[in-house]
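Residue numbering for the sequence shown follows our numbering, starting at 174 and increasing by one per position.
Working notes, beginning with the structure itself.
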Amino acid sequence: MINLLTFSYKLVRADSFYIFYFFLAIGMGVIVGFFASRAFERRVWRVCMFSGVLILHVITALVILSPEDAYKEMILRKKNTMNTLTNCKISAFDAQQGFNGRKDAWSCPDGTTRYLPVKYRPEGSLSENKVQ
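Quick look at the structure:
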C-alpha cells in the first residue's frame with residue numbers, strides 16, 4: 174500500500190492531470206458515501222459507512238490507475254523523447270497529420286524513424302526552409 178501511495182505521489186508530481194483524477198475519485202466517494210450513510214439512523218453507523226465507502230472509492234481509483242505502471246511508462250516516454258532529440262535528425266517536416274496534431278519524422282542512426290510533435294522542432298527550422 175505504501176508503494177502504491179508513493180507512486181501515486183510521483184505520478185501527480187510528474188503530470189498534474191492526475192490531480193483531477195484523484196479529486197474525482199474522492200468526490201464520488203463523498204457523494205456515494207453520503208447517500209449510503211443516510212440508510213442508518215445511528216451516527217456511529219453513518220460515520221462508519223461514509224468512511225468505508227470513501228476509502229473503497231479511493232482504493233478502487235488507485236488500483237484502476239495502477240500508478241506504478243503509469244509512472245514508469247511516462248518516464249520511459251520522456252527518456253525516448255530526449256534520446257530522439259539528442260541522437261536523431263529531422264528527415265521530414267509535417268510527416269504525419271491528423272486529429273492528434275502534426276508530427277515531424279526524425280531519422281535515427283539505428284535506422285528507425287520516430288515521429289514527434291512539432292513543438293520539439295529545433296528553433297529556426299521551418300517547413301519552408303527544409304533541406305532535402
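Where is the CB? At the ideal position from N, CA and C, for every residue including glycine.
Give the range of the alpha helix (DSSP H) segment to which Lys183 is assigned. By 1-based counting over the sequence shown, the position of residue 183 is 10. 175-187 is the extent of the alpha helix (DSSP H) around Lys183.
Drop a sphere of 10 angstroms on the beta-carbon of Val304, count the other beta-carbons inside from all chains shown, and report buried for 16 or more, exposed for fewer. Along the sequence shown, one-based indexing puts residue 304 at 131. Residue placement at Val304 cannot be trusted, given a pLDDT of 42 that sits under 50; the coordinates are not used to answer.
In angstroms with no decimal places, state the Cα-to-Cα distance between Ala265 and Met247. Reading the sequence shown from its first residue, position 92 is the one you call residue 265. Reading the sequence shown from its first residue, position 74 is the one you call residue 247. C-alpha separation (whole angstroms): 26 Å.
List the whole-angstrom C-beta distance separating Ala234 from Leu184, where the pair is believed to meet the contact cut-off of C-beta under 8 Å. Stepping through the sequence shown from its first residue, residue 234 is reached at position 61. Stepping through the sequence shown from its first residue, residue 184 is reached at position 11. The pair is not a contact, with the Cβ atoms about 12 Å apart (cut-off 8 Å).
Got a sec: is the Cβ-Cβ distance from Glu241 to anything in chain C below 8 Å? Checking the listed chains, one finds no chain C in this structure; it contains a single protein chain.
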